[in-house]
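K.L.:
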Amino acid sequence: DTGVSQDPRHKITKRGQNVTFRCDPISEHNRLYWYRQTLGQGPEFLTYFQNEAQLEKSRLLSDRFSAERPKGSFSTLEIQRTEQGDSAMYLCASSPSGRATGELFFGEGSRLTVL
Amino acid sequence: AQSVTQLGSHVSVSEGALVLLRCNYSSSVPPYLFWYVQYPNQGLQLLLKYTSAATLVKGINGFEAEFKKSETSFHLTKPSAHMSDAAEYFCAVTDNYGQNFVFGPGTRLSVLP
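Those sequence lines, one after another, are chains X and P.
Each residue of the first sequence is one higher than the last, beginning at 43 in the working numbering.
Each residue of the second sequence is one higher than the last, beginning at 37 in the working numbering.
1) How would you list, in chain order, the residues of chain C whose beta-carbon sits under 7 angstroms from the beta-carbon of X/Y132?
2) Starting from the C-beta of P/Q38, find all residues in its chain whose C-beta is less than 6 angstroms away, skip the five residues before and the five after it, and write them out in chain order.
3) Express the C-alpha separation of P/T108 and P/T41 in angstroms, rounding to a whole number.
4) Out of X/S47, X/Y77, X/H71, state which residue places its alpha-carbon closest to the alpha-carbon of X/E94.
5) With X/C134 as the anchor, note down where its beta strand (DSSP E) starts and where it stops.
6) Just verifying my parser: in three-state terms, what is the DSSP assignment at P/Q74?
7) Mind listing the chain P neighbours of X/G114? Cutoff is C-beta to C-beta under 9 angstroms, in chain order.
8) What in chain X is Cβ-close to P/G140, meaning under 7 angstroms?
9) To the nearest angstrom, report how far apart X/E86 and X/Q79 are at their CA atoms.
10) Strictly below 7 angstroms CB to CB, what residues from chain X border P/N60?
11) Under the rule that 16 or more other beta-carbon atoms within 10 Å means buried, what is X/I121, buried or exposed?
12) Candidates X/S69, X/G58, X/C65, X/S47: which alpha carbon is nearest X/L119's?
13) Assess, as a yes-or-no matter, whether the region 146-157 of chain X is touched by the region 72-84 of chain P under the definition of 3 or more beta carbon pairs within less than 8 angstroms.
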């Protein structure tokens with residue numbers, strides 16, 4: 043399978059714990075995006091990488107959230123001291139660089155439940 | 037700043053009937069527009085995209101959309117609904133650098149037998 047893969051697919055944690063999600067983009071794509079989606083809503087932009095550089099962060103990305111993309115390959119999204127409001131689906135997407143004739147290719151998401 | 041509105045959070049149609057899902061956008065630059073579909077517990081899949089070529093865009097599964105600059109719209113249509121079309125549909129807009137995709141709130145399509 044050469045699509046975008048995310049791990050884990052589901053995570054249940056207690057409030058205050060830290061969680062980390064991993065995303066492996068399509069190998070030739072150097073743009074990588076993280077989105078958050080809550081029930082009944084569209085995806086909300088969190089952050090964007092071009093290769094290893096984090097070029098844009100949403101104000102939704104509080105200081106409890108951190109994302110990395112070492113070596114411009116896979117990416118991780120860590121949430122520290124989780125809160126119940128963090129419960130959501132976290133979606134990763136990738137795309138090739140250049141002018142935007144290309145769409146985003148999404149993974150199946152990582153669903154977080156904070157108890 | 038770019039934004040997307042989708043009129044109607046839930047649309048129900050009978051099997052075989054016309055599907056019309058509405059999308060209006062706001063953009064200060066020429067937009068690139070997309071429709072995505074999401075089935076339960078899955079990621080988003082691209083249906084079709086407009087990237088400043090033909091204004092009538094055909095996508096997968098018999099869907100098409102027409103870009104109307106004067107109306108700032110990009111409505112999605114399908115002549116005859118199928119049960120398998122039941123899903124959540126999202127309209128999205130980006131600029132020509134593709135760095136920031138903005139999604140609408142989505143429209144849930146139900147297809148009745």
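Here a beta-carbon is modelled for each residue, glycine too, at the ideal position from N, C-alpha and C.
P.N.:
In short:
1) Protein chains in the displayed structure are X and P, and chain C is not among them.
2) On the second sequence, residue 38 of chain P is found 2 positions in, with the first residue counted as 1. Closer than 6 angstroms at Cβ, skipping near neighbours: S63, V129, V138.
3) For this step, residue 41 of chain P is matched to residue 5 along the second sequence. For this step, residue 108 of chain P is matched to residue 72 along the second sequence. One C-alpha to the other measures close to 11 angstroms.
4) Residue mapping note: residue 94 of chain X aligns to position 52 of the first sequence, counting from 1. Cα-wise, what sits closest to X/E94 is X/H71.
5) The sequence position of residue 134 of chain X within the first sequence is 92, counting from 1. Per DSSP, X/C134 belongs to the beta strand (DSSP E) from 130-137.
6) On the second sequence, position 38 is the one that residue 74 of chain P refers to. The answer is strand: DSSP assigns P/Q74 an E or B state.
7) Locating residue 114 of chain X in the first sequence gives position 72, where the first residue counts as 1. Neighbours of X/G114 on chain P: none; closest Cβ ~16 angstroms, over 9 angstroms.
8) One-based indexing of the second sequence puts residue 140 of chain P at position 104. Going along chain X in sequence order, the residues near P/G140 (Cβ under 7 angstroms) are G84.
9) In the first sequence, counting from the first residue as 1, residue 86 of chain X sits at position 44. In the first sequence, counting from the first residue as 1, residue 79 of chain X sits at position 37. If I take the Cα positions, the gap works out to 6 angstroms.
10) The residue labelled residue 60 of chain P in the question sits at position 24 within the second sequence. Residues of chain X passing the Cβ test: none, with the nearest at roughly 14 angstroms.
11) In the first sequence, counting from the first residue as 1, residue 121 of chain X sits at position 79. Buried: at least 16 other Cβ atoms inside 10 Å.
12) Residue numbering aside, residue 119 of chain X sits at position 77 when the first sequence is read from its first letter. Comparing Cα positions, the closest option is X/C65.
13) yes
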